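Let me begin by presenting the structure, written as structure tokens, before commenting on it.
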Amino acid sequence: MTTSTISASEIYQGQFGEFTINQSDRNGVIIYRSGLMVAALSFAIGSALVLFNHNPIAIQALTPLYTCFSLALGVSLWTIHIYLAPLHRLLQVFWLIGSIAAFFVGHSDSQPFAVTVYNQPLTILGIGFTFAALTGIYFKEAFCFNRLETKALTFIVPSLLLGHLLGILPTQWEQVLLGTWAILFLIFAVRKVVQAIPPDIGDKSVFAYLKEKRSDSTIRN
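Just remember that the numbering used here sits 725 ahead of the position in the sequence shown, which is counted from 1.
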């Protein structure tokens, strides 16, 4: 038996019994982290264009960058491990609502997508669902791994979006929050790349236990 086979078959003790981690589990984590990295890079590039380059070509580039960010986030939300299935589905629904809203915003105005969102803050009531899903990831990571950057992002994201929606943040503060968000998001994504894989998979015995409870409940009903 090779070393890789032994590693893949390592037995872990979970809260409700023993479990093993297979290659499919590992691939799911790799896809989750890859989605986060693509989303973070897209967001960072877009934020840099907003903060440091205001020419029309740069503004036009924000639309494909946002599309890439949103799609990558959707991939991460599909592969993330969250014990509570209803919460997992809720974050996915939030992403879907935000994506549909972004599509309509992007096709309902002749101006570039970013300009429309900035000049019409009420659009945040729609596309904000995407960022609510992203904040859910930040909160999950802060809760599970006690990461400082995700703790900060859990407050920065809603503060910036609600501040702009309500028109209570000066432009300088919005720029500071946006830049901080982009930097911390990148830090978070990079730290996920070097983190050991098993912690992101979680306790599979919990997933099995919750699945069994749902099955029993369905049978009784």
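In this text, a Cβ means the ideal position worked out from N, Cα and C, and glycines have one as well.
Remember, it's a predicted structure, so these values are computed and weren't measured experimentally.
Assigned exposure category for Ile736 - 16 Cβ within 10 Å defines buried:
As a working note, residue 736 is residue 11 in the sequence shown. Flag for Ile736 reads exposed.
Determine the extent of the alpha helix (DSSP H) in which Glu874 is found, giving its start and end residues.
For the purposes of this step, residue 874 is taken as residue 149 along the sequence shown, with counting starting at 1. Glu874 -> alpha helix (DSSP H) spans 873-891.
Residues that Thr745 bridges to, as DSSP identifies them
Here the question's residue 745 lines up with position 20 in the sequence shown. Answer is Ile736.
Grouping DSSP H, G and I as helix and E and B as strand, with all else coil, what is Gln920?
In the sequence shown, the residue the question calls residue 920 occupies position 195. Three-state result, Gln920: coil.
Let me confirm a value: Ser772 is counted as buried when at least 16 other C-beta atoms fall within 10 Å, else exposed. Which label applies?
Residue 772 sits at position 47 when you count from the first residue of the sequence shown. Buried is the call here.
For His779, count neighbouring Cβ atoms within 10 angstroms of its own Cβ and tell me buried if that reaches 16, exposed if not.
Taking the sequence shown and counting its residues from 1, the one referred to as residue 779 is at position 54. Flag for His779 reads exposed.
Hey, Phe913 and Thr875: beta-carbon distance below 8 Å or not?
In the sequence shown, counting from the first residue as 1, residue 913 sits at position 188. In the sequence shown, counting from the first residue as 1, residue 875 sits at position 150. Taking 8 Å as the Cβ cut-off, Phe913 and Thr875 qualify as a contacting pair.
I need the boundaries of the alpha helix (DSSP H) containing Gly851, first residue and last residue.
The residue given as residue 851 occupies position 126 in the sequence shown. Gly851 -> alpha helix (DSSP H) spans 849-870.
Which same chain residues end up closer than 8 Å to Phe838 when comparing Cβ atoms and leaving out the 5 residues on each side of it in sequence?
Locating residue 838 in the sequence shown gives position 113, where the first residue counts as 1. Counting only Cβ-Cβ distances below 8 Å, and skipping sequence neighbours, we find Leu787, Thr788, Tyr791, Ala827, Val830, Gly831.
Does the Cβ-Cβ distance between Ala867 and Leu798 come in under 8 Å?
Position 142 of the sequence shown, counted from the start, is the residue given in the question as residue 867. Position 73 of the sequence shown, counted from the start, is the residue given in the question as residue 798. Result no, Cβ atoms of Ala867 and Leu798 do not sit closer than 8 Å.
Tell me the rounded alpha-carbon separation between Thr804 and Tyr757.
Reading the sequence shown from its first residue, position 79 is the one you call residue 804. Reading the sequence shown from its first residue, position 32 is the one you call residue 757. Going by the C-alpha atoms only, they are around 5 Å apart.
CB contact flag (Ala672, Ala769, <8 Å)
Not covered by the structure: residue 672. The range shown for the chain is 726 to 946.
DSSP three-state assignment for Gly927, whether helix, strand or coil
Translated into positions along the sequence shown, residue 927 becomes position 202. If DSSP states are grouped into helix, strand and coil, Gly927 belongs with coil.
Which term fits Ser824, buried or exposed, when burial requires 16 or more other beta carbons within 10 angstroms of its beta carbon?
Here residue 824 refers to the residue found at position 99 when the sequence shown is read from its first residue. Flag for Ser824 reads buried.
Since Leu787 is in the alpha helix (DSSP H), which residue starts that stretch and which ends it?
Here residue 787 refers to the residue found at position 62 when the sequence shown is read from its first residue. First-last of the alpha helix (DSSP H) with Leu787: 781-804.
Using the Cβ count rule (16 or more neighbours within 10 Å means buried), how would you classify Phe710?
Because the chain is modelled from 726 through 946, residue 710 falls outside the range shown and cannot be assessed.
Could you have a look at Leu821 and say whether DSSP puts it in helix, strand or coil?
Taking the first residue of the sequence shown as position 1, residue 821 is located at position 96. Of the three classes helix, strand and coil, the one that applies to Leu821 here is helix, per DSSP.
Quick check on the DSSP output: the alpha helix (DSSP H) that includes Asn778 runs from which residue to which?
Position 53 of the sequence shown holds residue 778. From DSSP, Asn778 is part of no alpha helix (DSSP H); its letter is neither H nor E.
Under a three-way DSSP split, which group does Gln900 fall into?
Within the sequence shown, numbered from 1, the residue matching residue 900 stands at position 175. In the structure shown, Gln900 sits in a helix (DSSP, three-state: H, G or I).
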